[in-house]
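Chemist:
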Amino acid sequence: MTARAPSPPGPLATLRLTLWLLAVTNFAIGMGGFVVIGILSPVAADLAISKAQAGSLMTVYAFFYAIGSPLGVALTGHWDRKRVLLAGMLVFVAGSALAVMAGSLVTVWLARAVMALGAGLVTPVAAAVAAALSPTEQRGRALAVVFGGLTLAQALGVPVGAWLGYTLGWRSAFVVVAVLGATVWLALRLRLPERIMVPAASLRALGAVLACRPQTLAVSFTALFIGALYVVYTYIAPMLEQRYGLGRDGVSLVLLVFGIGAVVGNGVGGWLTDRIGGRRTLAILCAAQVLLLCAVTLLHLPLLALLLLTAVWSVCGWSFMVAQQARLVALAPERVPVLFALNASFLYAGSTLGSALGGLVLRHQGFDALGPVAALLMVLAGASLWSRARV
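Quick note: the sequence shown uses my numbering, first residue 89, plus one each step.
#1: The alpha helix (DSSP H) that contains Thr369, what's its start and end?
#2: So does the region 311-329 actually touch the region 437-444, counting three or more Cβ pairs closer than 8 Å?
#3: Please state if the CB of Pro247 and the CB of Ser340 are separated by a distance shorter than 8 Å.
#4: Thinking C-beta only, is Gly118 closer than 8 Å to Cys245?
#5: Terminal residues of the continuous alpha helix (DSSP H) containing Trp167?
#6: Answer with buried or exposed for Gly333, where buried requires no fewer than 16 other C-beta atoms within 10 angstroms of its C-beta.
#7: Between which two residues does the alpha helix (DSSP H) harbouring Trp258 extend?
#8: Taking DSSP as the reference, what is the three-state secondary structure of Cys79?
#9: Suppose the cutoff is 7 Å on Cβ atoms and the five residues either side in sequence are ignored; what does the same chain contact list for Leu427 look like?
#10: Check the C-beta distance from Ser433 over to Ala204 and give it rounded, since I have them as a contact under 8 Å.
#11: Helix or strand or just coil, what does DSSP make of Ser439?
#12: Can you check the region 156-231 for any alpha helix (DSSP H) of at least 4 residues that lies completely inside it and give the ranges in chain order?
#13: In whole angstroms, give me the CA-to-CA distance for Ala215 and Leu256.
#14: Which same chain residues, not among the five before or five after Pro158, have their C-beta less than 6 Å away from its C-beta?
#15: Output the distance between the C-alpha atoms of Ala199 and Pro130, rounded to the nearest integer angstrom.
#16: At what residues does the alpha helix (DSSP H) containing Gly315 begin and finish?
#17: With distances taken Cα to Cα, identify the nearest neighbour of Ser192 among Val345, Gly236 and Ala133.
Structure below.
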């Protein structure tokens, strides 16, 4: 009997493989972007700067991502999507390697800027590919899988990076990021399908979105929501050190709990979005965050209670992205690549706003004031939902 060659994978298997590959790609990007949250103290000690200054590593990354992502996606709008992802990962890996070799704060800023420019090409393109390949009724779950890579980076990448930073020095965290990024680049080159068709982005399309008030207002929600979170989250490690006397293991544990909450929240966000819609999901999350942000910094809870509160805070925080992405797809499906690029840009603009505002509050008012200031931003995020753009 002649042996039969194995059949090629069907469309469903190919879609699943692509979604999981994009999720792993986002994991590498997420770890590189957020790892500084857990290593602010080692960075500050090594470079002889304050912890508020160390927080600028998040601010610089977020700023260059916010500026570079929509422009980069628009300028590469007619490139093959695989080519864009490969180019973005290559730039990201180069920036990570530069961070490993950096000997001054300015050099680390430069490295973070290069990483951000690469990441700004990868994450929105990955989301656009997932949305384009998935059936409408499964879009929320598909986006949850791809965005799940970023939330898994919160669960594993950030605490692992924190542990490495406290144990082997902060540069070791960027060594892991560089190696992981290079591995992902190779996997994308070998396994990602060619000629994935998504609506073409362009500078003209970018201008059209920015000129459209409902679409710009819809995307601005992301900046306000994530900005509120980062007022507190950027400085969670030094707060834990001061209030609870935690070191490497304690800080890593709390960040792990936050990350697990992010993974759960991503799934919850996809589930809610498919059932009650994006805008309703976002309204519920805003209301919950107003209370939770204040509680995290104003209530000096026992450590176990803080861990439980951190988990709930994270679930309600990271449920938002799938709902927001689905909302944008429904608002203007023909502009998905540009909308997703702007959404990712505004996410990091919010990170810039939150980390910078949190640093200012920390210098002048201390940790207690972080939560109430963050809650005010969250109120603005909720108010933006009640505009004429009711999607």
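Ideal placement from N, C-alpha and C gives every residue a C-beta, glycine not left out.
Modeler: Let's see:
#1: Unbroken alpha helix (DSSP H) run through Thr369: Gly366 to Leu386.
#2: Contact between the region 311-329 and the region 437-444 is present: 3 or more CB-CB pairs across the two stretches fall below 8 Å.
#3: Cβ atoms of Ser340 and Pro247: closer than 8 Å.
#4: Residue identity differs from the one stated: residue 245 is Gly in this sequence, not Cys. Yes.
#5: Taken as a continuous stretch (DSSP letters only), Trp167 belongs to no alpha helix (DSSP H), as it is neither H nor E.
#6: With fewer than 16 Cβ atoms within 10 Å of its Cβ, Gly333 is classed as exposed.
#7: Trp258 to Arg279
#8: What the structure shows of the chain is the stretch from 89 to 479, and residue 79 is not part of that stretch, so it cannot be assessed.
#9: Val297, Gln303, Val307, Leu416 and Ala420
#10: Contact doesn't hold; Cβ gap of about 10 Å is too wide.
#11: helix
#12: 169-189 and 193-221
#13: It is roughly 34 Å from the alpha-carbon of Ala215 to the alpha-carbon of Leu256.
#14: Leu294, Ala429, Leu430 and Ser433
#15: Straight-line Cα distance between these residues: approximately 17 Å.
#16: Arg301 to Tyr321
#17: Taking each of Val345, Gly236 and Ala133 in turn and checking the Cα distance to Ser192, the smallest one comes out for Ala133.
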